[in-house]
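The structure appears right after this line, and notes come after that.
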Amino acid sequence: MGEFVSNVAKLLDEAQMKKFNEGRIEGRIEGKIEGKIEVAKKLIQRGFSDEDIAELTELDIEKVKELRKELIN
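Using this note's numbering, you'd call the opening residue of the sequence shown number 5 and step up by one each time.
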């Protein structure tokens with residue numbers, strides 16, 4: 005019985021570590037996207053075209069247009 009409990013505890017630790025690592029990865033991705041959005045906003049303010057901004061930031065053209073609308077309002 006003790007070995008079973010030990011194995012279950014080990015699996016739980018591994019599952020927790022996996023979730024922790026997944027959270028870190030998601031956080032990094034979100035941070036990169038936020039950074040791209042901030043750069044896109046600056047490029048919009050400097051008069052770059054939506055197409056150029058999408059190419060430079062690797063954001064979807066629709067996202068760039070959405071950001072432009074937000075800055076106008």
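All C-beta atoms in this analysis are idealised placements derived from N, C-alpha and C, irrespective of residue type, glycine included. Remember, it's a predicted structure, so these values are computed and weren't measured experimentally.
field: N- and C-terminal bounds of the alpha helix (DSSP H) containing Asp56
entry: The residue given as residue 56 occupies position 52 in the sequence shown. From DSSP, the alpha helix (DSSP H) with Asp56 extends over Asp54 to Thr61.
task: Kindly indicate which three-state DSSP category Asn11 falls into: helix, strand or coil?
output: Position 7 of the sequence shown, counting from 1, holds the residue named residue 11. It is helical.
task: Give the straight-line distance between the Cα atoms of Ile57 and Gly35, rounded to the nearest whole angstrom.
output: As a position in the sequence shown, residue 57 is number 53, starting the count at 1. As a position in the sequence shown, residue 35 is number 31, starting the count at 1. Going from the Cα of Ile57 to the Cα of Gly35 covers about 18 angstroms.
field: Simplified DSSP state of Arg28, which is helix, strand or coil
entry: Looking up residue 28 in the sequence shown gives position 24. In this structure, Arg28 counts as helix in the three-state DSSP scheme.
- prompt: Thinking just about the alpha-carbon of each residue, which of Arg50, Ile33, Arg28 and Ile41 is nearest to the one in Thr3?
  reply: Shown here, the chain extends from 5 to 77; a query on residue 3 therefore has no answer.
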